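Per our numbering, the sequence shown starts with residue 246, numbered consecutively.
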Amino acid sequence: MRSVLPFLFASALMAQAPAPTARGELRQHAAVVAKSPQVFGQRLCVKLAEGCGAEWRDGRLQSRTGVDLAEANALFAGAAVTPLFPALSWDELDLWHRRACAALPEGSRPGHLGLWFRLELPDAAAADALTGRLFDCALVEHVHNEPRGTPAAAGVLPRPGQDIPPVTPLFTALQSTHQPAPAGLGVWQAQSVYGARGQGTAVVMVENDWYLDHEDMDQMVLANFVGAYPGGNSGEAGHGTAGASVLVADRNDYGMTGMVDETRIRFLATGSNGGLANSILVAGAQSQPGDLILFVLMFMLGQISTTDWVPMEFLQSIYDATATVTGNGRLLVCAAGNGANSLDDPRLLRRFDRSFRDSGAILAAATEGDLLTRASYSNYGSRIDACAQGLYVVACGIGTMFWPNGDRRQTYTADYQGTSSATALVAGAVVALQGAARAQLGRTLSLAEIRNLLHHHGSASPDAIRQRPNLPAMLAVLGALDGLRASHPDLPLGGSVQIEMSGQVGSGALLFAGFAPGRTELGFNRPILLDLGGMLSLGFLAMPTGQASFPVALPNLASLRGLSLYFQAGLLQNGGLWVTNSVQVTGI
Numbered sequence: 246m247r248s249v250l251p252f253l254f255a256s257a258l259m260a261q262a263p264a265p266t267a268r269g270e271l272r273q274h275a276a277v278v279a280k281s282p283q284v285f286g287q288r289l290c291v292k293l294a295e296g297c298g299a300e301w302r303d304g305r306l307q308s309r310t311g312v313d314l315a316e317a318n319a320l321f322a323g324a325a326v327t328p329l330f331p332a333l334s335w336d337e338l339d340l341w342h343r344r345a346c347a348a349l350p351e352g353s354r355p356g357h358l359g360l361w362f363r364l365e366l367p368d369a370a371a372a373d374a375l376t377g378r379l380f381d382c383a384l385v386e387h388v389h390n391e392p393r394g395t396p397a398a399a400g401v402l403p404r405p406g407q408d409i410p411p412v413t414p415l416f417t418a419l420q421s422t423h424q425p426a427p428a429g430l431g432v433w434q435a436q437s438v439y440g441a442r443g444q445g446t447a448v449v450m451v452e453n454d455w456y457l458d459h460e461d462m463d464q465m466v467l468a469n470f471v472g473a474y475p476g477g478n479s480g481e482a483g484h485g486t487a488g489a490s491v492l493v494a495d496r497n498d499y500g501m502t503g504m505v506d507e508t509r510i511r512f513l514a515t516g517s518n519g520g521l522a523n524s525i526l527v528a529g530a531q532s533q534p535g536d537l538i539l540f541v542l543m544f545m546l547g548q549i550s551t552t553d554w555v556p557m558e559f560l561q562s563i564y565d566a567t568a569t570v571t572g573n574g575r576l577l578v579c580a581a582g583n584g585a586n587s588l589d590d591p592r593l594l595r596r597f598d599r600s601f602r603d604s605g606a607i608l609a610a611a612t613e614g615d616l617l618t619r620a621s622y623s624n625y626g627s628r629i630d631a632c633a634q635g636l637y638v639v640a641c642g643i644g645t646m647f648w649p650n651g652d653r654r655q656t657y658t659a660d661y662q663g664t665s666s667a668t669a670l671v672a673g674a675v676v677a678l679q680g681a682a683r684a685q686l687g688r689t690l691s692l693a694e695i696r697n698l699l700h701h702h703g704s705a706s707p708d709a710i711r712q713r714p715n716l717p718a719m720l721a722v723l724g725a726l727d728g729l730r731a732s733h734p735d736l737p738l739g740g741s742v743q744i745e746m747s748g749q750v751g752s753g754a755l756l757f758a759g760f761a762p763g764r765t766e767l768g769f770n771r772p773i774l775l776d777l778g779g780m781l782s783l784g785f786l787a788m789p790t791g792q793a794s795f796p797v798a799l800p801n802l803a804s805l806r807g808l809s810l811y812f813q814a815g816l817l818q819n820g821g822l823w824v825t826n827s828v829q830v831t832g833i
């Protein structure tokens with residue numbers, strides 16, 4: 246049987262080889278990428294044909310399917326060759342590829358990552374010359390220069406001009422992103438829903454650099470890095486720290502509060518994990534289905550100007566990596582980029598046309614601060630999945646608002662911006678939805694479900710950037726918010742919050758509390774989500790208007806800081822008991 250494989254491969258290759266027009270488009274794509282100032286001129290990413298079984302072993306290409314690779318070996322001979330995706334073995338890549346192809350429609354299926362190779366030439370001129378020869382080889386499907394990733398921030402943020410005393414104020418009042426929709430995303434309203442702070446979820450953040458040990462991020466430590474820590478000395482370390490803080494800044498009585506501070510986050514630097522494309526694969530391999538990968542980088546085409554930015558998946562190797570991990574159940578949130586481009590522009594070669602291909606990534610565009618209009622720099626178009634604030638976002642890591650004694654571990658800004666801030670905010674909303682679905686509904690949301698929520702249940706922009714997430718509305722549509730909420734998720738020492746119930750007019754509610762969550766099936770519409778061993782009854786509340794509230798006060802005792810209280814109610818209506826969602830409030 247093996248003896249006929251080369252014949253079958255050759256027949257398939259002739260049948261499926263790109264038409265002359267398509268081949269010309271691939272050459273055009275390679276030429277566009279080569280002119281970008283954001284590539285390694287001497288490095289090429291080369292994809293060989295599906296089915297050829299090419300693997301780099303013992304210093305040469307060898308075929309697992311018996312195909313003659315002599316021509317490709319001759320072309321590769323003048324370069325230093327390595328697999329582009331070394332994170333997994335060829336057999337593991339084959340498994341990931343088969344699962345992705347089974348999950349995605351035909352036009353969106355990724356290429357086999359085992360067939361991608363990095364060729365390093367002596368200089369850019371040698372790489373340019375080889376590119377044309379590679380495209381003349383029928384075994385070669387794609388060629389482009391290897392990209393560099395740039396953070397999707399809009400402009401350079403200035404440093405502060407004065408020293409500030411070391412006591413850090415509480416900046417949460419400035420977090421307009423957390424206010425109710427449409428100005429905000431409704432984070433404060435949503436966070437009291439147990440799970441919406443990211444409990445039971447995980448995030449891998451793919452970036453270039455971060456600062457360690459920020460005072461307001463307990464998770465920003467060396468132990469949470471996948472691969473080597475890049476050092477925190479680049480100009481991009483503040484950018485990585487800012488994006489992470491939008492998700493996981495600690496809730497306490499100083500600084501800011503992240504959207505999903507109870508998710509587990511890990512950090513993966515592109516420079517120490519085999520480059521941009523392989524880093525996406527590493528992040529996927531370090532995740533489980535339903536977990537999120539945050540990828541806040543963009544690519545400069547440079548066709549129009551030095552601000553001609555597009556999403557990274559314009560490059561085929563990045564697209565294949567992205568579609569492979571999303572086809573294996575991971576959620577990937579990416580920046581739409583700061584190029585002021587329509588992603589539907591024909592010059593982008595249909596690479597953001599969903600009818601042509603769809604990587605499964607969630608693309609986020611930016612609004613002009615709390616306004617719903619598109620930020621002037623943000624890309625837009627039919628490929629966008631959601632938008633969020635691209636200006637005036639509170640974050641750690643950039644010291645334009647607070648930077649005492651020049652200590653970068655105490656840096657804060659009120660002007661994190663670009664599709665960078667928007668992407669982090671959209672990622673936070675996705676994690677909140679996933680956490681609430683797992684905690685309240687006992688299931689994991691699919692990409693299709695999350696995209697549907699993002700596309701249809703938010704605050705609509707008048708521009709082609711879709712909607713800004715409205716978390717309470719989304720949680721209500723899911724059924725994760727249905728009858729119980731808190732007036733605020735954080736309970737200051739010596740302060741109080743209201744636990745609010747809603748149901749049918751003339752009904753009543755049995756309210757319960759506990760110091761730990763749980764999950765016990767008792768045959769009601771949902772499980773009891775409090776630990777039965779420590780559950781306390783707070784009594785019965787009549788709801789003549791369909792509404793009732795119960796005040797919860799916290800003594801001013803330092804020992805209670807960080808204590809979480811959990812609540813759930815049973816609504817007596819329609820002759821039976823309807824169990825509400827559960828709520829969490831935390832002392833700060």
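C-beta atoms are modelled at their ideal positions from N, C-alpha and C, and glycine is treated no differently. Values in this document were obtained by computation on a predicted structure and should not be read as measured data.
Option nearest residue i by Cα separation, candidates the options
i	options	result
SER524	PRO392, GLY687, ALA731	PRO392
THR417	PRO800, MET780, ILE563, THR658	THR658
HIS733	LEU786, GLY832, ASP339, ALA610	GLY832
LEU699	ILE607, LEU539, LEU777	ILE607
ASP454	GLY443, VAL466, THR446, ALA447	VAL466
ARG344	GLY778, HIS423, VAL570, ALA473	VAL570
ALA585	GLN749, SER437, ARG596, ALA610	ALA610
LEU457	SER532, ALA324, GLN829, ALA468	ALA468
MET788	LEU808, GLY815, ASP660, SER666	GLY815
GLN813	ASP727, ARG305, VAL750, GLY821	ASP727
GLY443	SER421, LEU537, ASN518	LEU537
ALA672	ARG654, ASN770, GLY784, ILE510	ILE510
GLN655	GLY642, GLN662, ALA667, TYR661	GLY642
ARG619	ASN583, SER604, PHE601, PRO649	ASN583
VAL578	ALA348, LEU670, ASP652	LEU670
ASP565	GLN420, ARG595, SER604, GLU766	SER604
ALA758	VAL750, THR790, PRO796	PRO796
CYS297	ASP313, SER706, THR664, ARG696	ASP313
TRP554	GLY663, ALA682, SER490	GLY663
ASP303	LEU690, ASN318, GLY311	ASN318
GLY429	GLN743, THR612, SER794	THR612
Segment limits, alpha helix (DSSP H) that includes residue i
i	result
ALA581	Where ALA581 is concerned, there is no enclosing alpha helix (DSSP H), given that its DSSP letter is neither H nor E.
SER532	From DSSP, SER532 is part of no alpha helix (DSSP H); its letter is neither H nor E.
PRO734	That residue, PRO734, is in no alpha helix (DSSP H); it is neither H nor E in DSSP.
ILE607	Element bounds for ILE607: not the alpha helix (DSSP H) but the beta strand (DSSP E), 607-612.
GLN434	432-436
GLU694	692-701
Expected contact under 8 Å - CB spacing of residue i and residue j to nearest Å
i	j	result
VAL278	LEU560	6 Å
SER623	ALA581	6 Å
LEU738	LEU799	6 Å
GLY680	THR825	That belief does not hold up - the Cβ atoms of GLY680 and THR825 are roughly 18 Å apart, past 8 Å.
ARG575	SER532	5 Å
ILE773	GLY763	7 Å
MET501	GLN283	Not really, about 31 Å apart at Cβ, beyond 8 Å.
VAL828	VAL438	7 Å
LEU817	GLY753	5 Å
PRO396	VAL541	6 Å
Where the beta strand (DSSP E) through residue i begins and ends
i	result
CYS382	Here CYS382 belongs to no beta strand (DSSP E), and DSSP marks it neither H nor E.
CYS641	638-641
VAL451	447-452
LEU774	773-775
GLY244	Past the edges of the chain, shown from 246 to 833, lies residue 244, and the structure says nothing about it.
THR327	325-328
MET788	781-788
PRO796	792-798
Neighbour flag for residue i against chain D, beta carbons, 8 Å
i	result
GLY440	Any reference to chain D falls outside this structure, which holds one protein chain only.
Is the region 498-506 close to the region 476-484, with three or more CB pairs under 8 Å? no
Could you say if the region 451-463 and the region 377-388 meet the contact criterion of at least three C-beta pairs nearer than 8 Å? no
Hey, which unbroken runs of the beta strand (DSSP E) at 3 residues or more fall wholly within the region 614-681? Runs of the beta strand (DSSP E) lying entirely within the region 614-681 and spanning at least 3 residues, in chain order: 631-634, 638-641, 657-661.
Decide if the region 354-373 is in contact with the region 288-297; the criterion is three or more beta carbon pairs, one per stretch, under 8 Å apart. yes
Meets three-Cβ-pair contact criterion under 8 Å: the region 630-637 and the region 706-714: yes
Does the region 796-814 come into contact with the region 694-710, if we say contact requires no fewer than three beta-carbon pairs (one atom in each stretch) closer than 8 Å? no
What ranges does the beta strand (DSSP E) occupy inside the region 291-375, keeping only unbroken runs of at least 3 residues that lie completely in it? 299-302, 305-308, 325-328, 361-365
Pick out the complete beta strand (DSSP E) segments inside the region 532-574, 3 residues or longer, and give them in chain order. Counting whole runs of 3 or more residues, the region 532-574 contains the beta strand (DSSP E) stretches 537-540, 542-545, 554-556.
Counting only runs of 4+ residues fully inside the region 472-506, write out the alpha helix (DSSP H) ranges in chain order. 482-493
Three or more C-beta pairs closer than 8 Å, one from the region 346-357 and one from the region 319-327: is that the case here? Fewer than three beta-carbon pairs drawn from the region 346-357 and the region 319-327 are found closer than 8 Å, and the two stretches are therefore not classed as touching.
Where are the alpha helix (DSSP H) runs, 4 residues long or more, that stay fully inside the region 716-772, in chain order? Qualifying alpha helix (DSSP H) stretches, in chain order: 716-723.
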